[in-house]
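One structure is given here, and the rest of the page talks about it.
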Amino acid sequence: MTNQLSLAGKPVSPPVVLAPMAGITNLPFRKLCREQGAGIYVCEMITTVALTERNPKTMRLIEFDPDEETRSLQLYGVDPEGVRKAVRMVVEEDLADHVDLNFGCPVPKVTRRGGGSALPWKRRLFRDIVTAAVDTAAERGIPVTVKMRKGIDDDHLTYLEAGEIAQDAGVAWVALHGRTAAERYSGTADWEAIAALKERLDVPVLGNGDVWEADDALRMAAETACDGVVVGRGCLGRPWLFGDLEAAFSGRETRLMPSLGEVANVMLRHAQLLVEWIAGAESYEARRNIAAEEHGCREFRKHVAWYLKGFPVGGELRRSLAMVASLNELEDLLGKLDAAAPFPESTIGKPRGRTNSPGKVSLPEGWLDDRDDRTVPEGAEIDSSGG
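The sequence shown lines up with residues 1301 to 1687 when you count with my numbering.
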């Protein structure tokens, strides 16, 4: 890592970016992570159609906390004009300070429409989309970045050419997940591909894939010469990873190993933030809003298994926590945990979140036939953001 990563002229220190994750990287989770360490924290994926149509859920997802210095918004779109329209809305209504373009999603409902990690195969369409975003965002000096995968599969790699196209279009950086769409979240990320892209491009290159610990980030930087790291699944149930990353990039060897009691405090804080956000309140008074409290606790349930991974917690208590319906109930159940239980070292460096097997990528009919076809696939746009 040779140069200081920056965005819109501001240093990004540590050079760490939270990857957008559907149903995860909402305002409360970003706030929780920012309380642990600095970096760039990107909201959930926002579709251009849902944004320009002012879909209520989407307008909620693009809310940022007042103390978010860099409001980072990730856009998904497959129509250059639709992307241009969405970015113009961001510019004119001052909705964000940074726009990231999604070309990395491997989910079938996205790739079968020609979006996400399938789109860079259509190099001219890819260029049109990135150029539309960059040129429109430039009107207010908003930097545009791209996040992508190596390609559709090993026979249809696109990352080197796509990186050059994005660079020529004027992006601020290119982030690469070292897997193809076909690999999904299986196996081991190919860091050599990140190194190859870094060698090819002049703009900063960020690496993504298999950063489970702060020391993984340092190793990725050393092995690939990347300018920064993008962290996704590694922080699930471990927002303090961003504190470790800040320490690591500052040359400190301190790593957090919270006891179960300390983890329980973070869990309660996370649930409280969710309830407050859903209630639209700024204080703990949101607890009095029963509907918001139930909704917030339901949103929190998915995080329970990640927080408790490896800790000695009985099955019945785990199940009860995963069905929690109120903050009082959550506090009572967390009080039954063995607060002194040490952090399970057996989980260090191990994958978190989704893992699956490789599979054939769903694509629009004839998608691979002509790489220079600029035609936007019919029915390609998605009208809902997030998951």
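Glycine included, each C-beta is placed from N, C-alpha and C at the ideal position.
Could you check the C-alpha separation between residue i and residue j for me, to the nearest Å?
i: Tyr1584; j: Ala1592; result: Below a pLDDT of 50, predicted positions are generally treated as unreliable, and Tyr1584, at 43, falls in that range; the measurement from the model is reported next regardless. Going from the Cα of Tyr1584 to the Cα of Ala1592 covers about 12 Å.
i: Gly1339; j: Trp1473; result: 15 Å
i: Val1391; j: Asp1435; result: 11 Å
i: Glu1393; j: Met1567; result: 35 Å
i: Pro1314; j: Phe1329; result: 19 Å
i: Val1563; j: Ala1517; result: 23 Å
i: Ile1429; j: Ala1680; result: 14 Å
i: Arg1552; j: Ala1521; result: 16 Å
i: Glu1461; j: Ala1481; result: 16 Å
i: Val1505; j: Lys1498; result: 6 Å
i: Gly1635; j: Leu1395; result: 41 Å
i: Thr1325; j: Leu1373; result: 11 Å
i: Glu1515; j: Ala1548; result: The sequence given here has Asp at residue 1515, not Glu. Near 7 Å, if we compare the C-alpha coordinates of Ala1548 and Asp1515.
i: Asp1367; j: Glu1616; result: 39 Å
i: Gln1467; j: Arg1619; result: 48 Å
i: Pro1606; j: Gly1653; result: Reading off the sequence, residue 1606 comes out as Trp, not Pro. Cα to Cα, Trp1606 sits roughly 7 Å from Gly1653.
i: Glu1335; j: Glu1523; result: 29 Å
i: Cys1343; j: Gln1304; result: 23 Å
i: Ser1550; j: Ala1493; result: 26 Å
i: Glu1483; j: Leu1663; result: 15 Å
i: Leu1545; j: Glu1678; result: 43 Å
i: Ala1579; j: Ala1433; result: 33 Å
Report the three-state DSSP secondary structure of residue i (helix, strand or coil).
i: Glu1582; result: With a pLDDT of 44 at Glu1582, under the threshold of 50, the modelled position of that residue is not reliable, and no figure is offered here.
i: Phe1600; result: helix
i: Ser1694; result: Nothing in the structure corresponds to residue 1694, since the chain is present only between 1301 and 1687.
i: Tyr1485; result: coil
i: Asp1435; result: helix
i: Pro1311; result: strand
i: Arg1587; result: Note that Arg1587 scores a pLDDT of 49, beneath 50, so its modelled location is shaky; the value from the coordinates is reported in the next line. In the structure shown, Arg1587 sits in a helix (DSSP, three-state: H, G or I).
i: Leu1318; result: strand
i: Lys1331; result: helix
i: Lys1385; result: helix
i: Phe1611; result: coil
i: Asp1428; result: helix
i: Val1390; result: helix
i: Ser1662; result: coil
i: Ala1475; result: strand
i: Met1345; result: coil
i: Glu1631; result: helix
i: Leu1497; result: helix
i: Lys1447; result: strand
For residue i, collect the residues of the same chain with a Cβ closer than 7 Å to its Cβ; drop the 5 residues on either side in sequence, then sort them by chain order.
i: Pro1644; result: Gly1610, Phe1611
i: Leu1560; result: Phe1611, Leu1637, Asp1638, Ala1639, Ala1641
i: Ser1486; result: Thr1655, Asn1656, Ser1657, Pro1658
i: Thr1488; result: Asp1510
i: Thr1647; result: Lys1609, Gly1610
i: Leu1361; result: Asn1326, Cys1343, Glu1344, Ile1346, Ser1685, Gly1686
Spatial neighbours of residue i within its chain, please: CB distance less than 6 Å, with the 5 preceding and 5 following residues excluded, ordered by chain position.
i: Pro1443; result: Leu1307, Ala1308, His1398, Ala1472
i: Leu1668; result: none
i: Val1604; result: Leu1621, Ala1622
i: Thr1370; result: Ile1340, Asp1397, His1398
i: Phe1364; result: Arg1371
i: Val1624; result: Cys1597, Leu1630
i: Cys1535; result: Leu1541
i: Glu1513; result: Gly1649
i: Ala1496; result: none
i: Leu1425; result: Arg1674
Between residue i and residue j, is the Cβ-Cβ spacing less than 9 Å?
i: Arg1427; j: Ala1475; result: no
i: Gly1528; j: Val1316; result: yes
i: Leu1708; j: Gly1463; result: Residue 1708 is absent from the model: the chain starts at 1301 and stops at 1687.
i: Leu1375; j: Met1345; result: yes
i: Val1676; j: Asp1379; result: yes
i: Lys1385; j: Thr1431; result: no
i: Gly1404; j: Thr1348; result: no
i: Leu1633; j: Gln1572; result: no
i: Pro1651; j: Arg1538; result: no
Enumerate in chain order the residues of its own chain whose CB-to-CB distance from residue i is below 8 Å, with the five nearest sequence positions on each side excluded.
i: Asp1490; result: Lys1450, Gly1478, Arg1479, Gly1509
i: Ala1437; result: Val1387, Val1390, Val1391, Val1399, Pro1443, Val1444
i: Arg1423; result: Thr1458, Glu1461, Ala1462, Ile1465, Arg1671, Asp1672
i: Gly1416; result: Tyr1376, Asn1402, Phe1403, Gly1404, Cys1405, Pro1406, Val1407, Val1410, Ala1481
Please look up how many angstroms separate the CB atoms of residue i and residue j, rounded, as I've assumed it's under 8 Å.
i: Lys1660; j: Gly1323; result: With 8 Å as the limit, Lys1660 and Gly1323 do not qualify as a contact, their Cβ atoms being about 25 Å apart.
Hey, is residue i's beta-carbon within less than 9 Å of any beta-carbon in chain D?
i: Arg1424; result: Chain labels in this structure do not include chain D; a single protein chain is all it has.
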